[in-house]
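Student: Sharing a structure with you now.
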Amino acid sequence: MTATATTPRVPVSRDPRVSRLTRVTGSPVLRLIVKRLLMAVPIMLGVTILTFWVLSLIPGNAAEQLLGAEATPEDVALLERQLGLDQPGVVRYLEWLQGAVTGDLGNSIVSRQPVSDVLADRLPVTGELVLLAFLISLVLAIPVALLAAHKPGGIMDRISMVVSTLGLSVANYVLALILVLVFAVTLGWLPAIGYVPLEDGLWANLEAMILPSAAIGFPLFCFYTRFLRGDLVDQMQQEEYVTTARAKGVGSWSVLIKHAFRNSSFGLITVVGLNLGALIGGTVIIEQIFALPGIGQMLLQAINTRDFVVVQAAVVIFALVAVVANLVVDLLYAVLDPRIRYGSR
Amino acid sequence: MAVVEPAPSFAIGPEIDEAEAKAGIRGRRRGGNLGTWIPAGLIAFVVIACFLGPTLLSLPSPVGGNILESNQPAFSPGHFLGTDPNGNDILSRLLNGGQSSLWIALAVNILGLVIGGTLGALSGYVGGVADTLIMRVLDVLIAFPSLVLTLAVAQALGPSMTNTIFALAFFSIPAFARVARSAVLRLREMPFMAAAKLAGTPAWRMLFKHLAPNIAPQLITFGMLGMGIVIIIEGALSFLGLGIPDPAPSWGNMVATGQLSLSATPMLVVWPSVALLVTVLAFNLLGENLRARWSGR
Amino acid sequence: MKQRTILSLLTAAALTLSACGGGDGGASASGTTGPVGEPQSGGELTVLEDAAFAGSWPAGLDPATNTTGGSNIAMQQAIYGGLFLLKADDDGSNARVEGNQAESYELSEDGTTFTVTLREGIQFSDGTPLDAEAVKFNWDRALANPCTCKPNWPLAPNGIQVVDPLTISLTFTQPYPAILASFPVSNVNWIASPTALQEMGEDAFKITPVGAGPFTVVENQLSSVLKLERNESYFKEGLPYLDKLTFQSIGGDQPAYQALQAGQAQAYEGMNTTPLVEQAQNNSQLQVTIQPATSPYVVQLNTKIAPFDDPRAREAIYRATDFDAINEGIFGGNYEVADSFVAPGGKFYALEVGGYPEYDVDRAKELVQELGGLTVRLGTISNYVATQINTALQTQWQEAGIDVEIFDAQLSGVIQEFTGGQWQAMLQTAGAWDPAAGVGVGFRFNSTARYSGVVDTELDKLLADAAATVDEDERAGLYSQAAERIAENFYAPFGLAFAPANVAVEGVHGPGLTTKIPPLLVNSGVIWDEVWREQ
Numbered sequence: 001m002t003a004t005a006t007t008p009r010v011p012v013s014r015d016p017r018v019s020r021l022t023r024v025t026g027s028p029v030l031r032l033i034v035k036r037l038l039m040a041v042p043i044m045l046g047v048t049i050l051t052f053w054v055l056s057l058i059p060g061n062a063a064e065q066l067l068g069a070e071a072t073p074e075d076v077a078l079l080e081r082q083l084g085l086d087q088p089g090v091v092r093y094l095e096w097l098q099g100a101v102t103g104d105l106g107n108s109i110v111s112r113q114p115v116s117d118v119l120a121d122r123l124p125v126t127g128e129l130v131l132l133a134f135l136i137s138l139v140l141a142i143p144v145a146l147l148a149a150h151k152p153g154g155i156m157d158r159i160s161m162v163v164s165t166l167g168l169s170v171a172n173y174v175l176a177l178i179l180v181l182v183f184a185v186t187l188g189w190l191p192a193i194g195y196v197p198l199e200d201g202l203w204a205n206l207e208a209m210i211l212p213s214a215a216i217g218f219p220l221f222c223f224y225t226r227f228l229r230g231d232l233v234d235q236m237q238q239e240e241y242v243t244t245a246r247a248k249g250v251g252s253w254s255v256l257i258k259h260a261f262r263n264s265s266f267g268l269i270t271v272v273g274l275n276l277g278a279l280i281g282g283t284v285i286i287e288q289i290f291a292l293p294g295i296g297q298m299l300l301q302a303i304n305t306r307d308f309v310v311v312q313a314a315v316v317i318f319a320l321v322a323v324v325a326n327l328v329v330d331l332l333y334a335v336l337d338p339r340i341r342y343g344s345r
Numbered sequence: 001m002a003v004v005e006p007a008p009s010f011a012i013g014p015e016i017d018e019a020e021a022k023a024g025i026r027g028r029r030r031g032g033n034l035g036t037w038i039p040a041g042l043i044a045f046v047v048i049a050c051f052l053g054p055t056l057l058s059l060p061s062p063v064g065g066n067i068l069e070s071n072q073p074a075f076s077p078g079h080f081l082g083t084d085p086n087g088n089d090i091l092s093r094l095l096n097g098g099q100s101s102l103w104i105a106l107a108v109n110i111l112g113l114v115i116g117g118t119l120g121a122l123s124g125y126v127g128g129v130a131d132t133l134i135m136r137v138l139d140v141l142i143a144f145p146s147l148v149l150t151l152a153v154a155q156a157l158g159p160s161m162t163n164t165i166f167a168l169a170f171f172s173i174p175a176f177a178r179v180a181r182s183a184v185l186r187l188r189e190m191p192f193m194a195a196a197k198l199a200g201t202p203a204w205r206m207l208f209k210h211l212a213p214n215i216a217p218q219l220i221t222f223g224m225l226g227m228g229i230v231i232i233i234e235g236a237l238s239f240l241g242l243g244i245p246d247p248a249p250s251w252g253n254m255v256a257t258g259q260l261s262l263s264a265t266p267m268l269v270v271w272p273s274v275a276l277l278v279t280v281l282a283f284n285l286l287g288e289n290l291r292a293r294w295s296g297r
Numbered sequence: 001m002k003q004r005t006i007l008s009l010l011t012a013a014a015l016t017l018s019a020c021g022g023g024d025g026g027a028s029a030s031g032t033t034g035p036v037g038e039p040q041s042g043g044e045l046t047v048l049e050d051a052a053f054a055g056s057w058p059a060g061l062d063p064a065t066n067t068t069g070g071s072n073i074a075m076q077q078a079i080y081g082g083l084f085l086l087k088a089d090d091d092g093s094n095a096r097v098e099g100n101q102a103e104s105y106e107l108s109e110d111g112t113t114f115t116v117t118l119r120e121g122i123q124f125s126d127g128t129p130l131d132a133e134a135v136k137f138n139w140d141r142a143l144a145n146p147c148t149c150k151p152n153w154p155l156a157p158n159g160i161q162v163v164d165p166l167t168i169s170l171t172f173t174q175p176y177p178a179i180l181a182s183f184p185v186s187n188v189n190w191i192a193s194p195t196a197l198q199e200m201g202e203d204a205f206k207i208t209p210v211g212a213g214p215f216t217v218v219e220n221q222l223s224s225v226l227k228l229e230r231n232e233s234y235f236k237e238g239l240p241y242l243d244k245l246t247f248q249s250i251g252g253d254q255p256a257y258q259a260l261q262a263g264q265a266q267a268y269e270g271m272n273t274t275p276l277v278e279q280a281q282n283n284s285q286l287q288v289t290i291q292p293a294t295s296p297y298v299v300q301l302n303t304k305i306a307p308f309d310d311p312r313a314r315e316a317i318y319r320a321t322d323f324d325a326i327n328e329g330i331f332g333g334n335y336e337v338a339d340s341f342v343a344p345g346g347k348f349y350a351l352e353v354g355g356y357p358e359y360d361v362d363r364a365k366e367l368v369q370e371l372g373g374l375t376v377r378l379g380t381i382s383n384y385v386a387t388q389i390n391t392a393l394q395t396q397w398q399e400a401g402i403d404v405e406i407f408d409a410q411l412s413g414v415i416q417e418f419t420g421g422q423w424q425a426m427l428q429t430a431g432a433w434d435p436a437a438g439v440g441v442g443f444r445f446n447s448t449a450r451y452s453g454v455v456d457t458e459l460d461k462l463l464a465d466a467a468a469t470v471d472e473d474e475r476a477g478l479y480s481q482a483a484e485r486i487a488e489n490f491y492a493p494f495g496l497a498f499a500p501a502n503v504a505v506e507g508v509h510g511p512g513l514t515t516k517i518p519p520l521l522v523n524s525g526v527i528w529d530e531v532w533r534e535q
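Residue numbers (the UniProt record's numbering), protein chains in the order written: chain A, 1 to 345; chain B, 1 to 297; chain C, 1 to 535.
Structure below.
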């Protein structure tokens with residue numbers, strides 16, 4: 001069913017330099033957006049079905065989970081009725097789907113709060129966390145990778161290698177605790193826990209978010225640095241245009257930034273796009289450590305209480321973010337290089 | 001846990017043979033044999049230490065220690081790195097745990113490489129509907145929160161090395177597939193591929209004879225960069241009820257348990273992190289050198 | 001974060017750290033042992049609660065619909081106050097249930113009628129009266145909650161009667177002397193405003209409930225943060241001391257410890273990671289109060305199937321188990337080792353149980369040989385202390401020649417093991433402050449209980465009689481007979497008596513927080529009205 005919603009594809013050109021731009025009519029950017037958004041429908045359907053199926057594999061339902069080990073079977077049955085769990089799962093999924101299609105994500109099974117309200121509370125927290133983490137990681141990774149790639153094997157390259165290896169070998173939850181120990185406990189510069197809404201002041205908000213986003217951002221920075229540096233070095237060594245540019249006497253920094261980096265940025269953007277989707281659900285541990293009321297915390301709790309309505313809502317959000325991130329990535333390709341084919345990613 | 005999914009490097013236009021050749025020479029000159037052998041030797045050392053060390057050093061068992069000897073500091077008699085809160089020898093746990101961690105990293109990468117690599121290569125080579133179908137299914141996997149699946153596997157099947165490997169492989173497959181697909185997309189435009197195709201080589205032969213050997217280096221390099229990530233995530237899984245079940249050690253679960261009381265027992269986290277650091281560093285150095293050599297084929 | 005659910009710790013974390021049987025466990029080595037000054041009014045307090053237990057209130061805070069009420073006693077006390085409260089002397093001794101919103105109570109001589117008289121003039125924070133009608137309204141709703149936090153009253157038909165505007169009576173089908181003890185642990189203790197409930201509707205009320213307690217709800221983000229402020233119309237003159245009280249959910253002991261050090265919070269309930277508790281005790285800025293345990297560990301043996309249908313196999317486990325060594329080795333000898341289901345903080349505590357099979361590894365070896373070997377699968381719930389004890393037990397049992405496989409599971413896994421009936425040995429906690437109230441001793445030992453490995457009608461009768469006996473001495477006698485019977489038949493070896501520690505920064509004082517009160521279920525019932533901060 002995944003294929004049905006995709007628009008018919010023009011066979012991939014034998015010559016990648018021939019852009020689909022020349023072959024499609026109408027605005028290609030618009031076409032791309034429409035096509036991708038249409039694709040999002042089967043993806044989302046697939047994700048929610050998969051989620052529903054996987055959740056059904058987990059033993060225990062909301063009633064059993066909420067009441068705990070001491071509950072009597074009669075009490076569990078009573079709560080199952082109260083929560084509407086006595087209906088077959090498929091029926092509950094279809095009911096949920098019916099609502100979801102019309103934009104109603106339903107009410108939490110456990111708290112009966114509208115899921116949209118819960119999301120409205122929690123999405124900004126996680127959104128800010130993830131965006132700041134990306135900002136921190138990219139702002140640092142690009143210059144460091146450029147410095148490292150400028151002289152492969154040089155001192156900057158070696159230092160960045162050691163630092164980024166460190167970042168890739170230390171678990172982010174350990175890093176989080178160390179950051180708190182240094183910057184909150186010892187130095188007292190930043191708060192150890194808690195979330196301050198943006199309304200309460202930009203600085204207060206940022207202050208609370210610096211450590212958690214650094215804990216997520218540092219390993220990302222390390223990964224991006226390694227990734228970008230590798231790609232840059234490849235570009236500098238392999239590509240014809242680099243040789244040509246060098247032959248023309250263009251300075252090495254200029255080649256690196258104007259040519260190699262421009263090309264390497266495609267790869268970087270792809271990784272960032274992929275990460276964005278994965279990360280928004282991967283913030284659970286960090287949210288727990290910093291007591292941030294985010295969506296990861298909500299998802300974990302919803303899984304624990306088998307609150308499938310909330311889980312599905314979270315899953316839909318993650319899928320949307322993943323789809324939109326990929327779409328933005330592809331649009332960025334087009335911005336960076338108009339010759340790029342829309343077909344390949 | 002941050003699931004880091006690398007994507008292919010994105011090169012534009014067909015590579016020119018001459019440039020490749022030059023780059024190859026440069027790569028070799030730069031990397032040299034030392035650049036490959038030092039990390040390879042380091043990896044060999046880690047592997048030997050983990051798999052033979054416990055016997056060679058006649059270390060105590062990593063589990064079932066004497067609780068009366070718990071929390072001993074490093075360099076205590078009989079316990080070079082001290083003991084953990086259960087009285088188990090930390091060095092023994094570190095080396096034995098390394099076995100599990102290395103196995104997991106290897107198995108996850110092989111599964112991801114073989115399954116993801118094949119899917120991605122197929123998708124990229126065949127193109128059309130098959131490509132769309134495979135890539136959209138992988139999109140579903142990427143969009144699917146790993147937490148949900150992990151908890152499901154943990155609670156439905158329980159923690160074990162096999163279940164852990166499968167759960168981790170499940171999420172590494174789309175990443176490998178993307179790397180493979182992009183590599184194939186680039187390769188299929190190369191002259192030798194066109195020549196083979198014109199000569200009427202059947203598709204399966206194209207895939208295995210021409211594509212596989214050419215994309216394998218990139219996939220293997222990618223896998224090596226991901227070794228550390230896999231080992232760390234395995235530890236994080238123990239929080240979710242997956243991972244190597246207690247009391248058996250792995251580097252990941254040693255870190256995960258140790259950080260529960262990090263400020264009181266920092267060394268429980270430091271030792272496995274250092275082991276992981278050395279290993280990841282070695283794999284990254286090796287990966288980088290191999291990449292430099294291969295790209296200059 | 002370790003995925004644990006709501007009540008997973010109820011079973012497993014009544015296991016946490018416990019009373020150092022007396023001594024100076026109350027105050028840390030930090031000099032708080034000095035005289036505490038006069039309480040001061042004002043100030044704010046942020047209290048951290050473990051996200052895996054008390055920091056989880058997914059179903060809201062209406063006592064009639066909160067299905068995790070047993071874990072949320074702290075918040076409910078702050079919002080509703082409570083009809084009765086468990087109080088104790090500062091060192092945790094002399095624990096007793098006292099009327100709070102209830103002025104007086106009376107249990108009829110035959111133990112079948114319980115009458116509660118309310119204090120006059122108490123108003124909910126919405127201005128409506130807390131009277132007998134309101135109490136009946138709440139009790140009817142509370143008893144319909146499937147939560148394990150509802151009381152197990154043997155209620156007669158129409159057993160709840162309003163006698164007069166301030167008096168309400170309960171009638172039972174059998175004597176129920178544990179009635180008073182049942183209040184502080186169950187949801188009937190928390191009286192919500194019926195008017196507010198009807199005006200708001202259930203779904204809104206569970207988020208911003210209205211009670212007559214010391215604090216009122218300002219903001220409630222489920223399982224994340226609960227912000228409360230002083231109830232200006234509180235019925236106790238001059239109380240509460242604090243202007244604002246915030247409960248904040250946090251992911252574990254280590255982050256909580258750091259948050260206290262960094263000054264973002266002033267108290268943490270229920271710390272159980274041993275090395276951190278020890279470190280906190282040595283931190284001069286923190287006060288650590290280890291509560292007197294009420295529920296000791298027990299190794300449940302499934303006597304219904306092999307190998308523990310054979311008493312020799314069960315005796316081998318008793319003989320191979322040395323909880324004193326575990327106490328010394330892992331916990332610095334800080335805790336009591338119990339011989340029965342009553343721990344030092346509980347009612348009817350007796351240090352020794354006659355005929356308790358003591359540790360004797362040679363005897364254990366003999367028995368194992370006689371049996372031709374013994375293979376055991378020992379499980380517990382995933383929890384720091386429980387898994388550590390299991391690991392130690394594995395070592396000890398292996399010394400006696402027993403083959404041991406250990407595992408730990410999340411709540412649903414543990415339930416599955418029990419309902420599957422194929423479990424062999426489980427490390428659990430047993431008992432309650434009053435063995436007949438709340439999740440009492442019957443839960444682990446009754447023939448008909450879902451989570452019992454014992455089928456013994458004699459024992460059932462002893463426990464039932466004890467629960468229905470009004471005379472306290474007679475009850476104590478019956479409980480010690482029951483304990484002896486368990487020991488004689490090698491049903492289940494008992495172990496360390498744990499209760500978690502409360503940690504507070506210097507300058508914070510309050511009953512149950514910086515003084516000892518036996519834990520009701522897991523955490524002690526802090527009396528938030530009387531918590532204060534040095535200004």
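By construction, the Cβ of each residue, glycine as well, lies at the ideal position given by its N, Cα and C atoms. Computed from a predicted model, the values in this text were never measured in an experiment.
1. Grab me the residues of Thr32 (chain C)'s own chain with a C-beta within less than 6 Å of its C-beta, minus the 5 sequence neighbours each way, in chain order.
2. Within its chain, find whatever has a CB closer than 8 Å to the CB of Met161 (chain B); leave out the 5 residues flanking it on each side and keep chain order.
3. With a threshold of 9 Å between beta carbons, is Arg181 (chain A) in contact with chain B?
4. Where are the alpha helix (DSSP H) runs, 4 residues long or more, that stay fully inside the stretch 284-348 of chain C, in chain order?
5. Which residue spans inside the stretch 36-120 of chain C form an unbroken beta strand (DSSP E) run of at least 3?
6. From Ala132 (chain C) to Glu488 (chain C), what does the alpha carbon distance come to, in whole angstroms?
7. Counting only runs that start and end within the stretch 425-490 of chain C, where is the alpha helix (DSSP H) found for 4 or more residues in a row?
8. May I have the straight-line CA-CA distance separating Val310 (chain A) from Tyr318 (chain C), to the nearest angstrom?
9. Rounded to whole angstroms, what is the Cα-Cα separation between Thr270 (chain A) and Arg36 (chain A)?
10. Nearest to Pro165 (chain C) by CA position, among C:Glu458, C:Val185, C:Ile122 and C:Thr148, is which residue?
11. In three-state terms, what does DSSP make of Lys365 (chain C)?
12. Output, in sequence order along the chain, the residues in the stretch 128-141 of chain B whose CB is closer than 7 Å to any CB in chain A.
13. Ends of the alpha helix (DSSP H) at Tyr173 (chain A)?
14. Given Ser394 (chain C), which residues of its chain have a CB within under 6 Å of its CB, disregarding the five upstream and five downstream residues?
15. How would you list, in chain order, the residues of chain C whose beta-carbon sits under 9 Å from the beta-carbon of Asp246 (chain B)?
16. Does any residue of chain F have a CB that is nearer than 9 Å to the CB of Pro275 (chain C)?
17. Taking all protein chains shown into account, decide if Ile231 (chain B) is buried (16 or more other Cβ within 10 angstroms of its Cβ) or exposed.
Tutor: So, from the listed chains and residues:
1. To locate residue 32 (chain C), count along the third sequence from 1; it is residue 32. Low local confidence applies: a pLDDT of 42 at Thr32 (chain C) is under 50, so the model's placement there is unreliable, with the coordinate-based value given in what follows. Cβ within range, chain order: Gln287.
2. Looking up residue 161 (chain B) in the second sequence gives position 161. Correct list, in chain order: Ser100, Trp103, Ile104 and Ile244.
3. Position 181 of the first sequence, counted from the first residue, corresponds to residue 181 (chain A). The residue you asked about is not Arg; residue 181 (chain A) is Leu in the sequence shown. At least one chain B Cβ lies under 9 Å of Leu181 (chain A).
4. Secondary structure remark: continuous alpha helix (DSSP H) runs of at least 4 residues inside the stretch 284-348 of chain C, in chain order: 311-320 and 323-331.
5. 44-50, 84-87, 96-99, 102-107 and 113-118
6. Translated into the one-based positions of the third sequence, residue 132 (chain C) becomes position 132. Translated into the one-based positions of the third sequence, residue 488 (chain C) becomes position 488. Cα-Cα distance, rounded: 48 Å.
7. 442-445, 457-467 and 472-488
8. Position 310 of the first sequence, counting from 1, holds the residue named residue 310 (chain A). Position 318 of the third sequence, counting from 1, holds the residue named residue 318 (chain C). If I take the Cα positions, the gap works out to 47 Å.
9. Your numbering for residue 270 (chain A) matches position 270 in the first sequence. Your numbering for residue 36 (chain A) matches position 36 in the first sequence. When rounded, the distance between both Cα atoms is 16 Å.
10. Residue 165 (chain C) sits at position 165 when you count from the first residue of the third sequence. Out of C:Glu458, C:Val185, C:Ile122 and C:Thr148, C:Ile122 has the C-alpha closest to the C-alpha of Pro165 (chain C).
11. Locating residue 365 (chain C) in the third sequence gives position 365, where the first residue counts as 1. Residue state, collapsed to three classes: helix.
12. Gly128, Val129, Thr132, Leu133, Arg136, Val137, Asp139 and Val140
13. One-based indexing of the first sequence puts residue 173 (chain A) at position 173. Its alpha helix (DSSP H) spans residues Asn172 to Leu179.
14. As a position in the third sequence, residue 394 (chain C) is number 394, starting the count at 1. The displayed chain sequence assigns Gln, not Ser, to residue 394 (chain C). Val404 and Ile406, listed in sequence order.
15. Position 246 of the second sequence holds residue 246 (chain B). Going along chain C in sequence order, the residues near Asp246 (chain B) (Cβ under 9 Å) are Ser382, Thr387, Asn390, Thr391, Ile406, Phe407 and Asp408.
16. In the displayed structure, chain F is absent; the protein chains listed are A, B and C.
17. In the second sequence, the residue the question calls residue 231 (chain B) occupies position 231. Classification for Ile231 (chain B): buried.
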